[in-house]
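Read through the structure below, which is laid out as structure tokens, and then see the notes.
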Amino acid sequence: MAANERLICRSADLIDAGPGVRFTVSVQGVEEPAFAVRFRGRVAAYLNRCGHVAVELDWQPGEFFDDSKLYLICATHGALYAPQDGRCLGGRCNGRGLTPLPIEERNGAIYYTPSEQES
């Protein structure tokens, strides 16, 4: 385990297209909200910030998927994002996707794994 990595949750805590797990990360010395979700078996993590305006996406704590369970949605603007890579798919994000965060899933757990410059 690298010195700067941090446990986010157990792998079992993330159900495919289910609720996400919220956590925080330090960005330029400021604590920012973030989240991790599982989609089609893979885990992805992003800053919890809409590409349109810096508001959190979830409509209830940890609820990031739309009704179809195929897209991440901004509860404020309705912008849609691809869960696997955070790219903007439509709505007010106008091509500005989510900011991905480095994570790893191993040994039944999910870790935030920032580089030395990010931590």
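If you read the sequence shown in the working numbering, its first letter stands for residue 1307, the second for the next number, and so on.
A virtual CB, placed ideally from N, CA and C, is assigned to each residue, including glycine.
Predicted model, so just to flag it, every value in this text is computed and none were measured.
Query, Result
"Determine the direct distance from the alpha carbon of V1327 to that of D1272, and round the result to whole angstroms.", "Past the edges of the chain, shown from 1307 to 1425, lies residue 1272, and the structure says nothing about it."
"What would DSSP say about S1421, mapped onto helix, strand or coil?", "coil"
"For L1353, I'd like the list of residues in its chain whose CB is within less than 8 Å of its CB, leaving aside the five on either flank, ordered along the chain.", "V1331, V1333, E1338, P1339, A1340, L1404, T1405, L1407"
"Does the contact criterion of 3 or more C-beta pairs under 8 Å hold for the segment 1355–1368 versus the segment 1376–1395?", "yes"
"What is the residue span of the beta strand (DSSP E) that C1315 lies within?", "1312–1316"
"Quick one: grab the DSSP three-state call for D1319.", "helix"
"Let me know if G1335 comes out buried or exposed under the rule of 16 or more other beta-carbons within 10 Å of its beta-carbon.", "exposed"
"For P1339, report the span of its beta strand (DSSP E) as first-last.", "1336–1345"
"For the candidate residues L1395, W1365, P1367, whose alpha-carbon lies nearest to that of Y1377?", "L1395"
"Give the DSSP-derived three-state secondary structure of P1406 in the structure shown.", "strand"
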